[in-house]
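Undergrad: Residue numbers (the UniProt record's numbering): 1 to 203. Handing you a structure now.
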């Protein structure tokens, strides 16, 4: 359970992030996938992460301290709308450096819009995570925006595609920021990741 969530720092340079002394869980997804809304929903703070109708709002690596124990990290989206190529390349290099060099990163949640058929850009990003040993799990967002059947169909289609990339489908969660659906199981999973990291750090 998240009792306390505080913004700590924003960075464009991964080397200036807080010291890697605590477990860190990162959230990333395509522009406009509902990342800020999901972070606000799981932390129980309405305006912790800035939500925007304008895709590509998160342009920095944002660290939040959770329960004085671990870091939640809000990463810029990929597949940005309406930014020039140079800026886009800068963001992508920043994200890739962070994901591959951050020693205390114990989980990365890749957010997928449950209303859509499998998108090439999401699958390519997951493939990149797999090749680079980034510990990725999936969160399907916006489950309240359509019927349960339609959500399940899209989730299964996506998982089938991930099985073509990996030998087995990654862990996944179906969520709704509007209704809070999926919050408990997601927080339980994060709790396990943090505990696993901390017991490893003590050894």
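Built from N, CA and C at the ideal position, the CB exists for glycine as well.
Who are the near neighbours of residue 205 in its chain, counting only those whose CB is closer than 7 Å to its CB and skipping five residues on each side?
TA: In the structure as shown, the chain starts at 1 and stops at 203, and residue 205 therefore has no counterpart that could be examined.
Undergrad: Pick from 10, 25, 11: whose alpha carbon is nearest that of residue 189?
TA: Numbered from its first residue, the chain shown carries residue 189 at position 189. Closest by alpha carbon: 25.
Undergrad: With 16 as the cutoff for other CB atoms within 10 Å, does residue 142 come out buried or exposed?
TA: Here residue 142 refers to the residue found at position 142 when the chain shown is read from its first residue. Buried, by the Cβ-count rule.
Undergrad: Report the CB separation of residue 117 from residue 157 in whole angstroms; it is logged as a contact under 8 Å.
TA: On the chain shown, residue 117 is found 117 positions in, with the first residue counted as 1. On the chain shown, residue 157 is found 157 positions in, with the first residue counted as 1. That pair is a contact at about 6 Å.
Undergrad: Helix, strand or coil for residue 39? Go by DSSP, reduced to three states.
TA: Taking the chain shown and counting its residues from 1, the one referred to as residue 39 is at position 39. Residue state, collapsed to three classes: helix.
Undergrad: Any contact of the stretch 27 to 45 with the stretch 157 to 168, i.e. 3+ C-beta pairs under 8 Å?
TA: no
Undergrad: Would residue 77 and residue 31 be called neighbours here (beta carbons separated by less than 8 Å)?
TA: On the chain shown, position 77 is the one that residue 77 refers to. On the chain shown, position 31 is the one that residue 31 refers to. Their beta carbons are under 8 Å apart, which means residue 77 touches residue 31 by this criterion.
Undergrad: To test your reading of the DSSP string, which unbroken beta strand (DSSP E) runs of 3 or more residues are found completely within the stretch 130 to 183?
TA: Counting only runs of 3 or more, we get 136 to 141, 172 to 174.
Undergrad: Sorted by chain position, which residues of the same chain lie with C-beta nearer than 8 Å to residue 199's C-beta, five sequence neighbours on each side aside?
TA: For the purposes of this step, residue 199 is taken as residue 199 along the chain shown, with counting starting at 1. Nothing listed; no residue qualifies.
Undergrad: Hey, how far is the Cα of residue 182 from the Cα of residue 173?
TA: Walking along the chain shown from the start, residue 182 turns up at place 182. Walking along the chain shown from the start, residue 173 turns up at place 173. Distance between the alpha carbons of residue 182 and residue 173 is about 7 Å.
Undergrad: Go through its chain and collect everything with a Cβ distance to residue 178's Cβ below 7 Å, but skip five positions before and after it.
TA: The sequence position of residue 178 within the chain shown is 178, counting from 1. Within the same chain, residue 178 has close Cβ partners 144.
Undergrad: Decide if residue 122 is buried, meaning its Cβ has at least 16 other Cβ atoms within 10 Å, or exposed.
TA: As a first step, residue 122 must be located in the chain shown, where it is residue number 122. Result: buried.
Undergrad: Would you say residue 74 and residue 109 are within 8 Å of each other, going by their C-beta atoms?
TA: As a first step, residue 74 must be located in the chain shown, where it is residue number 74. As a first step, residue 109 must be located in the chain shown, where it is residue number 109. Not in contact: residue 74 and residue 109 (Cβ atoms no closer than 8 Å).
Undergrad: Can you tell me whether DSSP reads residue 72 as helix, strand or coil?
TA: For the purposes of this step, residue 72 is taken as the residue at position 72 of the chain shown. Here residue 72 sits in strand by DSSP.
Undergrad: Could you give the DSSP three-state label for residue 2: helix, strand or coil?
TA: Start at 1 with the first residue of the chain shown, and residue 2 comes out as number 2. Coil at residue 2, not helix or strand.
Undergrad: Is DSSP giving residue 34 helix, strand or coil here?
TA: Here residue 34 corresponds to residue number 34 of the chain shown, with the count starting at 1. Three-state result, residue 34: coil.
Undergrad: Relative to the alpha-carbon of residue 114, which residue among 152, 129, 100, 124 has its alpha-carbon at the smallest distance?
TA: As a working mapping, residue 114 is identified with position 114 in the chain shown. Comparing Cα positions, the closest option is 152.
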